[in-house]
Every structure is written in structure tokens, then in C-alpha cells.
Amino acid sequence: MTAATLVIGATGTTGGRVARLLTARGERVRAASRRAVPVAGAESVRFDWYDPGTFDEALTGVDRVYLVPPVGDPEPAAVMLPFLERARACGVGRAVLLGSSAIPSGGPAVGQVQQALPGLFGTWAALRPSWFMQNLTGDHEHARSIREQGTVLTATGEGRVAFVDADDIAAVAVHALTADRDAGGDLVITGPQALSYDDAAAVLSEVTGRPVTHRRLTHEQLRDRLAQTLPPEFAAVLAGLDRAIAEGAEDRVTDTVERLTGRPPRSLRAHVERAMTAVDG
């Protein structure tokens with residue numbers, strides 16, 4: 007039997023897309039989730055970062071892994087590194103990590119996991135996508151406020167972000183998992199154009215026909231607002247990411263999607279048009 011790819015978070019935003027793309031190529035996939043939810047064309051398996059008893063079963067017959075860190079954990083390395091060491095011992099030779107454009111190797115949180123990859127696996131990639139377009143059209147708080155109030159609230163000021171479609175992230179992930187040679191190393195993934203949230207609101211207004219505005223908050227206002235529903239430390243981290251955008255940290259465009267997949271990344275306008283079509287359909 008051919009070796010399989012373990013896709014962690016196989017029911018999530020990128021993991022689900024990665025699993026579908028791999029199975030469409032005829033690749034053998036072990037789709038990991040906490041409840042072993044069935045995934046078409048894949049072998050479903052239970053996996054929980056916080057339950058080491060699930061590790062060995064998930065790794066059975068696997069030679070490569072797609073890694074989605076535990077959501078909301080400020081120190082994911084504590085649970086991820088023991089799993090990665092176990093994966094190497096079980097014969098895994100390639101790992102592809104979902105990280106963030108805001109966090110470099112050696113930085114906080116997932117940056118600590120990325121820093122460890124070269125010492126654990128012969129072939130590896132760290133996907134560091136910009137902000138997801140799906141945050142504006144899916145189930146994210148931004149998308150909900152856009153639908154319900156016609157506003158998006160940030161502390162980004164005039165700062166710009168090259169929003170990226172999750173489909174493009176998944177396409178890069180599949181390339182990194184299946185390429186004959188190097189998986190790619192450190193890969194910053196962006197959409198085709200850096201936009202402010204004012205720009206994004208204008209696109210949403212034009213495509214949907216409903217007015218959408220960007221309401222600008224101060225860093226402190228956003229931090230306090232988030233702290234109403236999130237732990238204070240995590241709220242401060244998220245507000246800090248917006249402040250970094252305001253200072254220009256995400257104002258960049260890379261060629262990663264086109265260079266590795268052979269096609270340009272989807273624009274925000276095209277993404278919103280497609281999301282509208284899906285809703286109408």
C-alpha cells in the first residue's frame with residue numbers, strides 16, 4: 007500500500023481543501039479531526055493535539071503531514087513538538103506547516119514550531135499566508151459584522167493587507183506536499199494586491215450591492231472589545247496584529263502562488279463574486 011498524507015484539521019478552512027485536492031489527484035489521505043469526521047475519498051482518523059494517545063494511530067502508514075496548529079493556543083509548540091518528534095520516529099520525512107505571514111521562524115507561537123522543522127524533517131515547508139479572504143465572507147467575526155451591520159471594525163487604519171483566498175493556500179500546500187524536490191521552505195503567501203480595509207469595504211459594497219464601511223478603532227478600543235469574549239492576553243495579541251498592519255507590516259505582495267501553482271492568485275473581487283454565486287446557488 008502506498009504511503010499516505012496525514013492532513014490535520016481535515017474539516018477546517020485549509021485542511022478540508024488540502025484533503026479534497028489530494029484525493030482528487032489520487033493521493034492516499036488520512037483525514038484527521040477530533041471526531042474522525044468522514045471526508046470523501048479519505049481515511050478518517052481521530053486526532054487531538056492534546057491527546058498523545060491519538061498520535062500513533064493517526065501516523066500509521068504516513069510519510070508526510072500537513073500541520074494545522076491547535077486553534078487559539080498561544081504556545082502550540084508545547085503540544086506540536088512532541089507529535090513532530092513522534093512523526094519523525096514513525097518514518098515521516100516531509101512536513102508542511104500552516105503558519106502566519108505575521109510570525110517569522112523563531113517568533114512567538116507557531117514561529118517556534120517553524121524553527122524546529124529543519125532539524126526534524128529532510129523536506130519541509132512553512133506556509134505563511136496573509137489574512138484570509140474568507141474572513142470577510144465566511145464565518146469570521148468580520149464577515150458576520152459585514153452581513154449584520156454593514157461594517158468591518160479594525161485598528162489597521164490605512165494599513166494594507168494582500169488578502170489571500172484559502173483555495174490558493176491549499177494549492178500551495180498540495181504542491182509543497184507532493185513536489186518531487188524541495189517542499190519550499192519559508193513561503194509567504196499573498197493575494198495579488200495589497201488593500202486597506204477601506205479598499206476591501208469598497209469591493210464588498212460594489213459586488214454585493216449593499217453598503218459596507220470600515221470603522222476605524224484605536225488599538226486600545228479593539229483590544230478591550232476583543233477582551234469581552236477572549237482571554238485578555240489573546241485579545242492583546244490580536245489587537246497587536248492590527249497595529250502591525252497599520253504600521254505597514256503586511257503591505258507586500260509575493261509571487262508564491264503563481265510560481266508554485268502556475269496560475270495567479272485570486273483577487274478579492276473574484277473571491278467575493280464567487281462567494282455571492284455560491285450563496286445564490
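At position 49 of the sequence shown the residue is numbered 55 (this note's numbering), and the sequence of numbers has no breaks. Quick reminder that beta carbons are idealized off the backbone N, C-alpha and C, glycines included.
Nearest residue (CA-CA) to Ala179, options Leu142, Ala93, Val74: As a working mapping, residue 179 is identified with position 173 in the sequence shown. Measuring from the Cα of Ala179, the nearest candidate turns out to be Val74.
Limits of the beta strand (DSSP E) - the one that Gly191 falls within: Working through the sequence shown from its first residue, we reach residue 191 at position 185. It spans 191-195 - the beta strand (DSSP E) in which Gly191 sits, taken as one unbroken run.
Contact between the region 167-176 and the region 111-118 (3+ Cβ pairs under 8 angstroms): Counting C-beta pairs closer than 8 angstroms gives fewer than three between the region 167-176 and the region 111-118, which falls short of the contact rule.
Selection from Arg265, Ala122, Gly197, Gly191 that minimises the alpha carbon distance to Ala83: Counting from 1 along the sequence shown, the entry for residue 83 is found at position 77. Checking every option, the nearest Cα to that of Ala83 belongs to Ala122.
Bridge partner(s) assigned by DSSP for His220: Numbered from its first residue, the sequence shown carries residue 220 at position 214. Val158, per the DSSP bridge assignment.
Closest residue to Ser136 among His181, Arg94, Pro198, Thr143 (Cα-Cα distance): Translated into positions along the sequence shown, residue 136 becomes position 130. Residue Pro198 is the option with its Cα nearest to Ser136.
Alpha carbon of Thr143 to alpha carbon of Arg269, nearest angstrom: On the sequence shown, residue 143 is found 137 positions in, with the first residue counted as 1. On the sequence shown, residue 269 is found 263 positions in, with the first residue counted as 1. Rounded to the nearest whole angstrom, the C-alpha separation of Thr143 and Arg269 is 23 angstroms.
Residues that DSSP places opposite Arg166 in a beta bridge: Counted from its first residue, the sequence shown places residue 166 at position 160. Beta-bridge analysis with DSSP links Arg166 to Ser202.
Backbone CA spacing between Thr262 and Leu65 [nearest angstrom]: The sequence position of residue 262 within the sequence shown is 256, counting from 1. The sequence position of residue 65 within the sequence shown is 59, counting from 1. Approximately 29 angstroms between the Cα atoms of the pair.
Span separating the alpha-carbon of Gln222 from that of Glu81: Working through the sequence shown from its first residue, we reach residue 222 at position 216. Working through the sequence shown from its first residue, we reach residue 81 at position 75. Before going on, a small fix: residue 222 reads as Arg here, not Gln. Near 30 angstroms, if we compare the C-alpha coordinates of Glu81 and Arg222.
Alpha helix (DSSP H) runs wholly inside the region 72-156, at least 4 long, in chain order: If only complete runs of 4 or more residues are kept, the region 72-156 shows the alpha helix (DSSP H) at 83-95, 116-126, 140-143, 147-155, in order along the chain.
Touch test, the region 232-241 against the region 208-221, Cβ-Cβ under 8 angstroms, three pairs minimum: Fewer than three beta-carbon pairs drawn from the region 232-241 and the region 208-221 are found closer than 8 angstroms, and the two stretches are therefore not classed as touching.
Inter-residue spacing [alpha-carbon to alpha-carbon] between Gly287 and Gln120: Within the sequence shown, the letter at position 281 stands for residue 287. Within the sequence shown, the letter at position 114 stands for residue 120. Unreliable placement is indicated for Gly287, whose pLDDT of 41 sits below 50; the coordinate value is still reported in the next sentence. C-alpha separation (whole angstroms): 40 angstroms.
Proximity of Thr17 and Val43 at Cβ, strictly below 8 angstroms: Taking the sequence shown and counting its residues from 1, the one referred to as residue 17 is at position 11. Taking the sequence shown and counting its residues from 1, the one referred to as residue 43 is at position 37. Taking 8 angstroms as the Cβ cut-off, Thr17 and Val43 qualify as a contacting pair.
Bridge-paired residues (DSSP) for Glu49: Position 43 of the sequence shown, counted from the first residue, corresponds to residue 49. Beta-bridge partners of Glu49 (DSSP): Arg36.
CA-to-CA distance, Glu212 to Asp54, given in whole angstroms: Within the sequence shown, numbered from 1, the residue matching residue 54 stands at position 48. Within the sequence shown, numbered from 1, the residue matching residue 212 stands at position 206. Asp54 and Glu212: Cα-Cα distance of roughly 42 angstroms.
Where Leu12 sits in the DSSP three-state scheme: The count along the sequence shown starts at 1 and reaches residue 12 at position 6. When secondary structure is reduced to three states using DSSP, Leu12 falls in the strand class.
Ala241, enclosing alpha helix (DSSP H) - first and last residue: The count along the sequence shown starts at 1 and reaches residue 241 at position 235. In the DSSP assignment, Ala241 falls within the unbroken alpha helix (DSSP H) covering 238-252.
Residues of its chain near Ala25, where Cβ-Cβ distance is below 6 angstroms and the 5 sequence neighbours each way are ignored: For the purposes of this step, residue 25 is taken as residue 19 along the sequence shown, with counting starting at 1. Val13, Ala16, Val35, Ala37, Val45, Ala48, listed in sequence order.
For Arg31, three-class secondary structure by DSSP: Here residue 31 refers to the residue found at position 25 of the sequence shown. Coil at Arg31, not helix or strand.
Burial state of Arg41 (16 or more Cβ within 10 Å): Here residue 41 refers to the residue found at position 35 of the sequence shown. Exposed, because fewer than 16 other Cβ atoms sit within 10 Å of the Cβ of Arg41.
Range of the contiguous alpha helix (DSSP H) that encloses Gln227: Residue mapping note: residue 227 aligns to position 221 of the sequence shown, counting from 1. Start and end: 225-232.
Where Arg315 falls: helix, strand or coil (DSSP): What is shown of the chain runs 7 to 287, which leaves residue 315 out entirely.
First and last residue of the uninterrupted alpha helix (DSSP H) at Arg265: By 1-based counting over the sequence shown, the position of residue 265 is 259. That run of the alpha helix (DSSP H) goes 262-267.
Beta-bridge partners of Arg70, as assigned by DSSP: Your numbering for residue 70 matches position 64 in the sequence shown. DSSP lists Thr11, Arg100 as partners of Arg70.
Assumed close pair Ile195, Val170 - CB separation to whole angstroms, cut-off 8 angstroms: Along the sequence shown, read from residue 1 onward, the residue named residue 195 stands at position 189. Along the sequence shown, read from residue 1 onward, the residue named residue 170 stands at position 164. Taking the Cβ atoms as the reference, Ile195 lies roughly 6 angstroms from Val170, within the contact range of under 8 angstroms.
For Leu274, three-class secondary structure by DSSP: Mapped onto the sequence shown, residue 274 falls at position 268. In this structure, DSSP gives Leu274 a helical state, which the three-state scheme calls helix.
Nearest to Gly125 (by Cα), restricted to the options Leu183, Gly99, Leu133, Gly105: Position 119 of the sequence shown, counting from 1, holds the residue named residue 125. Gly125 has its Cα closest to that of Gly99, out of Leu183, Gly99, Leu133, Gly105.
Residue nearest to Glu279 in terms of C-alpha spacing, selected from Asp186, Ala245, Gly215, Ala200: The residue labelled residue 279 in the question sits at position 273 within the sequence shown. The option with the nearest alpha carbon to Glu279 is Gly215.
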